[in-house]
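A quick write-up on the structure given underneath.
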Amino acid sequence: MEKRNLRKERIGVVSSNKMEKSIVVSEVKRVKHKMYGKFVLKTKKYVAHDEKNDCNEGDTVRIMETRPMSKSKRWRLVEILERAK
């Protein structure tokens with residue numbers, strides 16, 4: 000039996016849910032600048048598949064890497080960690 004590689008997981012905030020069964024998740028990282036040492040915020044956006052269409056903007060979610068579902072969708076929603084207030 001062959002073993003499947005571990006899939007990457009990311010935690011981020013939903014920045015858009017205007018598409019059908021799709022969300023845009025923004026992941027913010029604090030990275031230290033090489034030369035100056037100051038911490039800089041880096042933002043990366045992922046388009047994820049939301050099967051039940053139950054995410055709203057501002058929700059904190061966990062997404063997982065998956066097979067390509069469309070031109071830009073390579074992630075899927077695992078769980079909603081915290082609802083927007």
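In numbering that gives the first Met the number 0, the protein residues as written are 0 to 84.
For each residue, glycine too, the CB sits at the ideal point set by N, CA and C.
What residue range is occupied by the uninterrupted beta strand (DSSP E) comprising residue 64?
Within the sequence shown, the letter at position 65 stands for residue 64. Per DSSP, residue 64 belongs to the beta strand (DSSP E) from 59 to 64.
Starting from residue 26, trace the beta strand (DSSP E) both ways and give me its first and last residue.
By 1-based counting over the sequence shown, the position of residue 26 is 27. Here the beta strand (DSSP E) through residue 26 covers 21 to 31.
Within 10 angstroms of the Cβ of residue 152, are there 16 or more other Cβ atoms? Answer buried if so, exposed if not.
Outside the modelled stretch of the chain, which goes from 0 to 84, sits residue 152, for which no answer is possible.
For residue 79, which residues in the same chain have their Cβ closer than 6 Å to its Cβ, ignoring the five residues on either side in sequence?
Residue numbering aside, residue 79 sits at position 80 when the sequence shown is read from its first letter. Same-chain partners within the cutoff: 58 and 60.
Shortest alpha-carbon distance to residue 39 belongs to which of 48, 29 and 47?
Mapped onto the sequence shown, residue 39 falls at position 40. Considering only alpha carbons, the answer is 29.
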